[in-house]
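Visitor: Below: one structure in structure tokens.
Numbering (my numbering), first residue to last: 118 to 499.
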């Protein structure tokens, strides 16, 4: 903006610390920098400076539950654990103005002259662990995701339960901060539905819903969890025992299909309409609804396939060769985790260990050549 974030206005006894714009101005972009840096609580009121409505930047790591600034640390224990500048939201990088962060940074750590640098490196093997995408339930209007504050995805609920999350592990509703009592989980959101192009089972949803329900009860013993499901696919080691344990601690399971969710007035409560096995249509009121979203193929899979000459399967996940579950269709390139298909953490770790062993085997065969085993081993992990 070409102005300091804070300055002085007035003279003599009327001299005051004031923001860059101390009255309504068309120049003010409502960035909130003056409000954030002001040491006096509520000393600056944006509503008195501008008629613009502030548009918050949602935290990606906390799945939009809280806001973040344009200069931020992505998450606790980030690697590297340094602040970064959002190039999309930064006024300076987009217009050349502002630069407030450079002014106030006491470590002189901001260098706007730094640019992205592309490098070519030689490697002996490649391991693809690009993961998968979380299904976006916004197009499923019957569930009200994005319209009702108390309809969340399972990933958002994970962040609420986390001690490092936006509410420091305190179980509460996003709309009003109240502790929910009745919580519903809806299974197979985005999975096993032909119209969403995800007819496959996402593998992990049943078990993480049960886990979240049990942990919610451990956080607040008055919680009454209900899981609406089609089929409970607890197929891993002792998974079925965990399913039975959930019943013992008070998790209710209803085999059904949910057809609609409606918000009840201004209460923030939600009315869930569902059809049971015998065809009965029922309505039930809940404080919070969690959508157990499935795993979709990575958005960059087509680009990765074109660049590396790999094949994708019919669902657009990276295809394995016929040799083993760690090989791709191109020798020397290995793959593991949800990049291949939806899978849980233990299975991913097993496959990743196999990929590392496969890469190590190739690197050991070229010992003594231009690519030695000690260097590519550290660089082959993309």
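Quick reminder that beta carbons are idealized off the backbone N, C-alpha and C, glycines included. Note that the structure is a prediction, hence the values are computed from the model and not measured.
Sorted by chain position, which residues of the same chain lie with C-beta nearer than 8 Å to residue 206's C-beta, five sequence neighbours on each side aside?
Guide: The answer, listed in chain order, is 174 and 187.
Visitor: Quick test of the definition: if touching needs 3 or more C-beta pairs under 8 Å, does the region 230–237 touch the region 418–434?
Guide: No, the region 230–237 is not in contact with the region 418–434.
Visitor: Please determine if the region 452–463 and the region 263–281 are in contact, where contact requires at least 3 C-beta pairs separated by less than 8 Å.
Guide: The answer is no - the region 263–281 does not touch the region 452–463, with fewer than three Cβ pairs under 8 Å.
Visitor: Rounded to whole angstroms, what is the Cα-Cα separation between residue 355 and residue 365?
Guide: The straight-line gap from Cα to Cα measures roughly 15 Å.
Visitor: Bridge partners for residue 438 per DSSP, in chain order?
Guide: Per DSSP, none; premise fails for residue 438.
Visitor: What does the alpha-carbon distance come out to for the pair residue 151 and residue 194?
Guide: Each residue's Cα considered, the two are about 28 Å apart.
Visitor: Please go through the same chain and pick out, in chain order, the residues whose beta-carbon is closer than 7 Å to the beta-carbon of residue 360, but skip the five residues on each side of it.
Guide: Counting only Cβ-Cβ distances below 7 Å, and skipping sequence neighbours, we find 327, 349 and 351.
Visitor: Can you list, in chain order, the stretches of the alpha helix (DSSP H) that have 4 or more residues and sit fully within the region 156–197?
Guide: The region 156–197 contains these whole alpha helix (DSSP H) runs: 163–166.
Visitor: Is any heavy atom in the ligand GDP found nearer than 7 Å to the beta carbon of residue 341?
Guide: Absence of the ligand GDP from the depicted structure is noted, as is the absence of any ligand whatsoever, leaving it without description.
Visitor: Helix, strand or coil: how does DSSP classify residue 334 here?
Guide: Note: residue 334 maps to helix in three-state DSSP.
Visitor: With a CB to CB cut of under 7 Å and the five nearest residues on each side skipped, what residues in its chain are close to residue 149?
Guide: Once the five neighbours on either side are set aside, the close Cβ partners of residue 149 are 163 and 171.
Visitor: Using a Cβ-Cβ cut-off of 6 Å (strictly less than) and excluding sequence neighbours within five positions of residue 252, which residues of its own chain qualify?
Guide: Contacts found: 307, 410, 411 and 413.
Visitor: Quickly, what does DSSP pair residue 379 with across the bridge? List them, please.
Guide: DSSP lists 388 as partners of residue 379.
Visitor: Taking just the CA atoms, how far does residue 482 sit from residue 495?
Guide: Unreliable placement is indicated for residue 495, whose pLDDT of 41 sits below 50; no coordinate value is reported for it.
Visitor: Check whether the Cβ atoms of residue 438 and residue 444 lie closer than 8 Å to each other.
Guide: For residue 438 and residue 444, yes; Cβs fall inside 8 Å.
Visitor: Does the beta-carbon distance from residue 265 to residue 380 come in below 8 Å?
Guide: Cβ atoms of residue 265 and residue 380: closer than 8 Å.
Visitor: Is residue 402 buried or exposed, if buried means 16 or more other CB atoms sit within 10 Å of its CB?
Guide: Per the 10 Å Cβ criterion, exposed.
Visitor: State yes or no: is the C-beta of residue 377 within less than 8 Å of the C-beta of residue 250?
Guide: Not a contact, by the Cβ cut-off of 8 Å.
Visitor: When the Cα atoms are used, what is the spatial distance from residue 322 to residue 201?
Guide: Those two C-alpha atoms are separated by around 33 Å.
Visitor: So within the region 395–482, which uninterrupted alpha helix (DSSP H) runs reach at least 4 residues, ignoring any that extend past its ends?
Guide: Taking only runs of at least 4 residues, the alpha helix (DSSP H) segments lying wholly in the region 395–482 are 418–425 and 462–482.
Visitor: Quick check on the burial criterion: 16 or more other C-beta atoms within 10 angstroms. Buried or exposed for residue 404?
Guide: Burial call: buried.
Visitor: Assess contact between the region 288–304 and the region 339–349, defined as three or more Cβ pairs (one per stretch) separated by less than 8 Å. Is contact present?
Guide: Contact between the region 288–304 and the region 339–349 is present, because at least three Cβ pairs lie under 8 Å.
Visitor: What residue range does the beta strand (DSSP E) around residue 245 cover?
Guide: Here the beta strand (DSSP E) through residue 245 covers 243–245.
Visitor: Do residue 334 and residue 286 have their C-beta atoms closer together than 8 Å?
Guide: No, these two residues do not count as a Cβ contact at 8 Å.
Visitor: Residue 389 and residue 407: beta carbons closer than 8 Å?
Guide: No, they are not a contact pair.
Visitor: Which same chain residues end up closer than 6 Å to residue 155 when comparing Cβ atoms and leaving out the 5 residues on each side of it in sequence?
Guide: Once the five neighbours on either side are set aside, the close Cβ partners of residue 155 are 161.
Visitor: Using the three-state DSSP reduction, which class does residue 373 fall into: helix, strand or coil?
Guide: The answer is strand: DSSP assigns residue 373 an E or B state.
Visitor: Out of curiosity, what's the CA-to-CA distance linking residue 124 and residue 199?
Guide: Roughly 29 Å separates the two Cα atoms.
Visitor: Exposed or buried, which one is residue 112 when buried takes at least 16 other CB atoms within 10 Å?
Guide: Examination of residue 112 is not possible in this model, given that the chain is present from 118 through 499 alone.
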